[in-house]
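So the structure is just underneath, and the comments pick up after that.
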Amino acid sequence: MSTGARLAIRELTFSQALNEAIRLEMRRDPAVIVMGEDIAGAAGRAHLGMVDAWGGALRATRGLITEFGPQRVLDTPISEMGFVGAAVGAAMTGLRPIVEVMFVDLVGCCYDQLMNQAAKMHYMTGGQVRMPLVVRMAYGTRGGKPQTYGGGAGAQHSQTLYSVLAHIPGLKVVVPSTAYNAKGLMISAIRDDGPVIVMEHKFLGAAAKGNVPEEPYTVPIGHSEIVRRGSDLTLCGIGRMSHVCLEAAQELEASGISAEVVDVLTLAPLDENTILESVRRTHRIVVVDEDTPTASMARDIAARVAEQAFDWLDAPVKTVNAPETPVPFAAVLEAQYVPTAERVLDAVHELIG
Amino acid sequence: MSTGARLAIRELTFSQALNEAIRLEMRRDPAVIVMGEDIAGAAGRAHLGMVDAWGGALRATRGLITEFGPQRVLDTPISEMGFVGAAVGAAMTGLRPIVEVMFVDLVGCCYDQLMNQAAKMHYMTGGQVRMPLVVRMAYGTRGGKPQTYGGGAGAQHSQTLYSVLAHIPGLKVVVPSTAYNAKGLMISAIRDDGPVIVMEHKFLGAAAKGNVPEEPYTVPIGHSEIVRRGSDLTLCGIGRMSHVCLEAAQELEASGISAEVVDVLTLAPLDENTILESVRRTHRIVVVDEDTPTASMARDIAARVAEQAFDWLDAPVKTVNAPETPVPFAAVLEAQYVPTAERVLDAVHELIG
Amino acid sequence: MIDRPGQEAIPREGLLWMYERMSLIREFEERLKWLVETGVPAGPVHYCTGQEAVAVGVCAALEAGDWIASTHRGHGHCIAKGADVRRMMAELYGKSSGTNRGKGGSMHITDASLGMLGVNPIVGMGVTHAVGAGLSSKVRQSKQVAAAFFGDGASSQGAVHEAMNLAAIWKLPVVFVCENNGYADATPVEYAVAVNNIADRAAAYNMPGLSVDGQDVLAVWSAADAAVRHARAGEGPSLVECKTYRYYGHHQGDDPHRYRTVEEENAARERDCIQRLRRWATTKKLISADELDAIETKNRALLDDAVRFAEQSPLPDPSELLTDVYVAEP
Amino acid sequence: MIDRPGQEAIPREGLLWMYERMSLIREFEERLKWLVETGVPAGPVHYCTGQEAVAVGVCAALEAGDWIASTHRGHGHCIAKGADVRRMMAELYGKSSGTNRGKGGSMHITDASLGMLGVNPIVGMGVTHAVGAGLSSKVRQSKQVAAAFFGDGASSQGAVHEAMNLAAIWKLPVVFVCENNGYADATPVEYAVAVNNIADRAAAYNMPGLSVDGQDVLAVWSAADAAVRHARAGEGPSLVECKTYRYYGHHQGDDPHRYRTVEEENAARERDCIQRLRRWATTKKLISADELDAIETKNRALLDDAVRFAEQSPLPDPSELLTDVYVAEP
Ligand SMILES: Cc1ncc(C[n+]2csc(CCOP(=O)(O)OP(=O)(O)O)c2C)c(N)n1
Ligand SMILES: Cc1ncc(C[n+]2csc(CCOP(=O)(O)OP(=O)(O)O)c2C)c(N)n1
Ligand SMILES: [Mg+2]
Ligand SMILES: [Mg+2]
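As given, the protein sequences belong to chains A, B, C and D, one line each in that order.
Numbering that gives the first Met the number 0 applies: residue 0 is where the first sequence begins, and numbers increase by one.
Numbering that gives the first Met the number 0 applies: residue 0 is where the second sequence begins, and numbers increase by one.
Numbering that gives the first Met the number 0 applies: residue 0 is where the third sequence begins, and numbers increase by one.
Numbering that gives the first Met the number 0 applies: residue 0 is where the fourth sequence begins, and numbers increase by one.
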C-alpha cells in the first residue's frame, strides 16, 4: 500500500493505470506475459515499422510490445476458448499469463476454460496445481444523458455479466472503479497464484482519472472500501455504480440525508463484513448493480444482508439493477437501461419516506 | 391441464415422463426434432440392425429414433457450440428443435449460443424472429448417504449452475421435480415459441416415480407450486431440493412445526407472487438450493423476499446452498456437499429457536 | 476481369442488378460514413466498402427463399439480399421504423422476411445458424440453401470448424463464404491463420473448396453459383473463399495505417469491384456508361430519401425497452 | 508388426519398458474392472484396455520433463508417464493418499510433478492446455515438449481446431495425438467425422500429419519420436493419429454391443498391442518369454499392493471439503 510522501504521484486514467500495473509487473517478473486479440495489433508487421496498432479493447496494453517484444506480448487469433485455454496451460507450467477477452460479452466463447478449468484445477488436483492467471474483460453499458437518437453497442456488446463468473467457486472477481484501485487491484491479481478476473468498465477506461503513485502498490483482493461515511443509510455500488452512488449521496446530503457509500471492489470472495458492519450502523441499504437482476450480485449482497444483518434492518433491502432485458440499441432506450443517481434516489425515498 | 377422470394414469419415472412428452409432441408436430450427443447412439449402423444404443444422458430420448427416424432424431458429434448453434438456426427457420446438452457442466462449451443468441434474438430483431428451442441439460450432485469410500462424478460432472442461465434475460429456465411436472413442463417448453432450458436432475431421472396421465397436458411455465400447506414457515425448494424440503417438513411436523413447501419449478421468469404470498402468511422462509451460494437462485429469491415481503418477516431470510467449493470426488466429502433435510432443519431451528 | 464459365448465362438484367446492388452498398456506406463523421451517433459501424462484390456475387446466386447469415460487417449482405435501405438507415438512427425497431443497430440489422438470419457480431456464430437453416431445409425438404458469410478472422473460431463438420456429415445445403479481407481488426491474416488459402481447409471436411478473386463479382458469382447448385442438389456444403479488401478501418474509429501501408491500400483500390464491372461491361458493350451513371444517380437519390426517412421517423416509445424479451409472454 | 525406421535404435531396455508399462496399464484396468464389478464404488471410470500402445508409444518418445495432457480415458496416459499405481488406486478409492487427495477421481488423476497437465473430461480442453504448456516452453526457452492426447470424438470440438491453429502459427513444441478408437460414446467415427483420416486435418494447419497403427507400439513410438524431435527442434507441432480400439464399453456401465459387433471386437483383439510386442520381441529373440512373464507377475504384485494401499489408506478429513478452493487464501 502507498506510504504517502515518498511516492511520485500523477494523474492517470483508469486505462493508463492498468497499463502501468501490467508494465511494472512485466518488468518485475519475466514469467508475466500478455495475450489477447489485438492487444498489440499489426502482428508480424514489425518489418514494415508497424507495431502496437491497437493496444487492446481499452488500450490498456498499448506500448507493452515495444518494451517486451512479441514473445511476451502475444496477439491471438479469434479463438477465445483456445487462447484462454492456452493461458490456463501456460499458468500451469511456469508462466503468469494476463489474457484479455475483449468484452465480457464474449465470455460464452471461453466459459468452460474459466468455470471448469481455471477455477477448479487447484481443488480437483488436491492443491497440486497453481493457476497464476489474470483474465481481463471490458464490460458495461453506455450510461449518462440520452441522445436524441442513434444508439450504443447493442445487446451483444454492452453486457455486465460478472455474476456468472462470481458464481463459480475458485474464481476471484475484482471490479475496480478508479485509476488508483485499478492499478492496485491489477498488481494484486497478477501476483495472486490463483485465477483472478479483472472486470474493466468500458466507460471508466478514459473517464475515470485520478492520482496514481508511480511505484508499484497493491490494493488487496477481497476487500470492499467505504468511500464515503454516512449514518442514515448505506449505498453499496459495484464498479461504475460506485460513482453513481457517490453522486446520489451528494444529492441526498442536500436534503439532509447522510448516506454511507461502500465500493464493493471484489465480488468474489465478497467482503461481507464491511457491508454488514455498515448496515448495522445505518440500518438501511440500497445495492446498486449495472447487471440484470435475476441471480445478480446485487441480489446476492441483499440476501446476505437479509440473512446476517436482519435484526439491524429498519427497512426492506433495496436493489437497483438494469432492467430484465437485453441492452437495447436506440439511445433513448439505452438511456433508461443503466441505473442512474436518480433511480438510486427513488429507491432511497422508498426506504426513507 | 389434466381433466381428471378421462385420462389413463400409470406410474412413470421422471425420465419416462420426459420421453413421453417429447414423443407426443413429435407426433403432434412434424417440426419438432431432437438433437444431441448419443441421444440415439449407434448412428449410421442401422444396416447392422443397430439403432438406439443410448438414448441420451438420462435415457429420455430412447426409442424415439425407432418411431421418428434419423431425420428427426439426430446424433451429433461432440461440438456443443456448433450443434446448439445449428438448433438456434433451425429454430429460426421453421423447426422446433429439442437439443440435449448432456450435462449442464458442459454449458461452458455452448454458452454463447444460449446467452447471446437464443436468449436475445427476438429482442434484438425487434420481435421478428421466433426461437422455439428447448435445451435439455442434466445437472446435480449425488446426494444421500455417504458411502465409506469411493466417489461420485467429480468437479466437472456434478454441477447445478442454473443460475448462470436464469441470469440471462430472454431465457426461460424450468426445473421439474416430479414425473408429472416433468412431462407437463416439457410439453409447455416444446410449445413455447421462445427458448426454454429444461434442467433435469440426474438423480431424479430414475428415482422420481409418479402417476402420469397418458395424454398430453401442460404444466405452465412461470408458476411455482405450493406442494404442502403450512403456517409456521415456508420452505422453498428447487428441483430435487423440493423433495428435501418435503422431507424436512415431515420431520418438523413431528416437532409440532407446520412448514409450507413451495416447489419453485420455474426459475425464470420466477413466480415471485406464490413465494411472497406464502411468506406473508408464514412470516419465515428458508430457500434451499443445490447450487453454490454466490449469485445463486437461493440468494435471488431471498433478496426478493427481503425487498418485497420485509414487513411480514419475523426472522432473517435463510438460504441453504451447497458450499462455496467445487464438487469433491470422495464420497465422504461429496456427502457433505448437497443440502440435506438435516441442514434444512438446522436452518429452521436458527429461525425458530 | 477474367471471363468465367457460365457467365454468358447471366442475362443483362443480372449484370445490371449486380451493378445496381454494388453501387447501392457503396453509396450506403459512403453516406453513412459521411453522416457518422459529421456527428450522427449511429453506434459502432463496420463499413464494408471495397467488399461489395462478395455480398452481391453470392446473393446473385441465391433465390429469394434462400437464407444468409451475416457478420458485424453486414450492411452489404443485407442490401444484396434485398433489404430496404430506408429501414436500414432508420435502424442506425435508432428509430422505430428501423428494420429492428431501433433495438438492434448496425450489428444486428435483420429483415427476417428476406431470409436474413441476422447480422451477428459474435464472430463465427452466424455460421452455425446457417448450418441450422440448412438442417431445417433438409428436414422440411424445402430445397432452400443457406449461405454463411464469415471473415478470415472468424475462420480461427472453433464454432466455424464445428459448423463445417456438421454440415459435411449431414450433407446440408450450406455455402460457407469466407470473406478474406486480410485483417481481423488490426491482425493480418498471414499471422493469424496457419494456411495460405482458407479454402484449403475444405479438405478437412471432405467438401469442395475454392479460392476466388473477391474483387471480381463474376468470379464470386460463378463460384457461388456452382456451390449453390451443389447444395440444392443435395450434394452437401462447399467453401468459397473470396479474397477481398476493406477500404477503411475495422470500424469507424480505427486508423488502418497503424497496421497496413498506403501502397497496399492503393493497390487494392486499383482492383475496385465496381470499377471493374463497369470497365468490363462497357468494353464488352453489354451496358452503356450512361446506364451505369443513371443507376448511380438513382442510388444517390435513394440514399437521400433513406436519410430523410430516418431523420423524420419517430423514436421508439420508452416502453419498448421492456417489450419482446420473451417470445410468448408466460 | 512391421519393422520401423529407427526401431533398431530402441535399446532392449526400451522394449522392456514398453512391455512393462503396457502390461501395467492392462493389469491396472483389469484389476479396476474387477473391483468395480465386485462393488468398489470408484465413480465413473473409462477403461483404456486395448489402447495401451498409444499411451506407451508416445510417452516412450518423451523425456521426463515433458508434459502430457490427457482425457477422461486417462489411466493409461498417467501410468505411461510414470504415475504411481498405488496413489492412482487410492484416488479411485477416494482416499487422502490418492494422487489428488481423493478430491479428483478417475477423471482428474494428476501428478503434476511428472509433467501431467491433468486428466480432463471436458472433451477437447486438455488439448488447449498442452498448447499453453508449449507456449510456456517457448517463452521460457526450456525445450520441453507437450503431447496432447485426444479422442476421435474430441476432433470435432472447436477448441481442438483453435488449439491446432494457435500451435501452428506460434510454432509451438506440441504433439497432437489423436487416439482414434472408432467411437465417441456410442457414436461411430465414420458418422461423426467428415474425413477418413483425422491426420489429414493436419494440412489445415500446415503441419505434418501421420496416421499410424495404434496397436503397434513401435509404430506409435516411431511417429511420436519424429514428432517430438520436430517439436524440440523448434519446427512446430505435428498431428499423429493412432488407430486403436477400446475393448470395453465407453464407461463401466456401457454395453458396447448395442453399437458394434462381436466380430469387430474379436478382430480388434487379434491385433492386441501387448501380444504383438510379445510375439515380435520373442520371435526376434530380443526378449525371452520368461522375462515377459516375470514382468507380468511383478505387475500383478504391484496391483495387489496398490489395492492394499488404497484399502488401508485413510479417508480424507471432512474439513478437506473446504480447502484448496483458492490457491492463495485472500
Ligand atoms: C467471438 C468474438 N471475438 C472477438 C470479437 C471482437 N471482434 C469483432 S470483429 C473482429 C474481427 C473480425 O475479423 P474478420 O472475421 O476477419 O471480419 P472482418 O472484420 O475483417 O470483416 C473482432 C476480433 C467478437 N465480436 N466476437
Ligand atoms: C465437451 C464435452 N462434451 C461431451 C462430453 C460427454 N462425453 C464424455 S466422453 C465422450 C466421448 C469422447 O469420445 P472420444 O473423444 O473419441 O474419446 P474416447 O471416449 O473414445 O476415448 C463424451 C461425448 C464431455 N465430457 N465433454
Ligand atoms: Mg477480415
Ligand atoms: Mg473415441
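Even for Gly, the Cβ is constructed at its ideal location relative to N, Cα and C.
Would DSSP call residue i helix, strand or coil?
{"i": "Lys208 of chain B", "result": "strand"}
{"i": "His45 of chain D", "result": "coil"}
{"i": "His200 of chain A", "result": "strand"}
{"i": "Leu238 of chain D", "result": "strand"}
{"i": "Ser1 of chain A", "result": "Note that Ser1 of chain A scores 46 on pLDDT, short of 50, meaning its location in the model is unreliable and no value can be drawn from it."}
{"i": "Val98 of chain B", "result": "strand"}
{"i": "Pro338 of chain A", "result": "coil"}
{"i": "Thr282 of chain C", "result": "helix"}
{"i": "Asp253 of chain D", "result": "coil"}
{"i": "Val211 of chain D", "result": "strand"}
{"i": "Asp292 of chain D", "result": "helix"}
{"i": "Pro329 of chain C", "result": "Summary for Pro329 of chain C: the model assigns pLDDT 47, below 50, so the residue's position carries little reliability; its value from the coordinates is reported in the next sentence. Three-state DSSP puts Pro329 of chain C in coil, outside helix and strand."}
By DSSP's criteria, residue i is part of a beta bridge. Which residues make up the other side?
{"i": "Trp66 of chain D", "result": "D:Ala145"}
{"i": "Thr318 of chain A", "result": "A:Val286"}
{"i": "Tyr138 of chain A", "result": "A:His200"}
{"i": "Phe175 of chain C", "result": "C:Ala147, C:Leu238"}
{"i": "Asn119 of chain C", "result": "C:Thr70"}
{"i": "Tyr182 of chain D", "result": "D:Pro187"}
Within the present structure, is the beta-carbon of residue i separated from the nearest heavy atom of ligand 2 by less than 7 Å?
{"i": "Ile345 of chain C", "result": "Lying before the first or after the last residue shown, residue 345 of chain C is absent from chain C, which here runs from 0 to 329."}
{"i": "Cys58 of chain C", "result": "no"}
{"i": "His249 of chain D", "result": "yes"}
{"i": "Asp212 of chain C", "result": "no"}
{"i": "Ala153 of chain D", "result": "yes"}
{"i": "Met17 of chain C", "result": "no"}
{"i": "Arg27 of chain A", "result": "no"}
{"i": "Thr70 of chain D", "result": "yes"}
{"i": "Arg257 of chain D", "result": "no"}
{"i": "Ile67 of chain D", "result": "no"}
For a test of your reading of the model: does the CB of residue i fall under 7 Å from any non-hydrogen atom of ligand 3? Yes or no.
{"i": "Tyr182 of chain C", "result": "yes"}
For ligand 5, is there any heavy atom lying closer than 7 Å to the beta carbon of residue i?
{"i": "Asp215 of chain D", "result": "Questions concerning ligand 5 fall outside what the structure shown contains, since the ligands it does hold are ligand 1, ligand 2, ligand 3 and ligand 4."}
So, for residue i: in the same chain, excluding its five sequence neighbours on each side, which residues have a beta-carbon less than 7 Å away from its beta-carbon?
{"i": "Gly81 of chain D", "result": "Leu113"}
Say yes only if the C-beta of residue i is nearer than 7 Å to one or more non-hydrogen atoms of ligand 4, and no if none qualify.
{"i": "Gly43 of chain B", "result": "no"}
Tell me whether residue i, by its Cβ, gets closer than 7 Å to a heavy atom of ligand 1.
{"i": "Gly150 of chain C", "result": "yes"}
{"i": "Leu314 of chain D", "result": "no"}
{"i": "Met163 of chain C", "result": "no"}
{"i": "Arg245 of chain C", "result": "yes"}
{"i": "Glu79 of chain A", "result": "yes"}
Spatial neighbours of residue i within its chain, please: CB distance less than 8 Å, with the 5 preceding and 5 following residues excluded, ordered by chain position.
{"i": "Leu160 of chain A", "result": "Val103, Asp104, Val106, Tyr138, Asp290"}
With a CB to CB cut of under 6 Å and the five nearest residues on each side skipped, what residues in its chain are close to residue i?
{"i": "Ser210 of chain C", "result": "Asn196, Ala198, Glu240"}
{"i": "Ser257 of chain A", "result": "Gly229, Ser230, Asp231"}
{"i": "Leu73 of chain A", "result": "Met34"}
At least 3 beta-carbon pairs within less than 8 Å: the stretch 77-95 of chain A vs the stretch 282-301 of chain D
no
Would you call the stretch 48-67 of chain D and the stretch 136-152 of chain D touching, i.e. three or more CB-CB distances under 8 Å?
yes
Examine the Cβ distances between the stretch 341-349 of chain A and the stretch 157-171 of chain A and report whether three or more of them are shorter than 8 Å.
The stretch 341-349 of chain A makes no contact with the stretch 157-171 of chain A; the number of CB pairs closer than 8 Å stays below 3.
If contact is defined by three or more beta carbon pairs under 8 Å, each pair taking one atom from either stretch, is the stretch 207-226 of chain C in contact with the stretch 184-191 of chain C?
no
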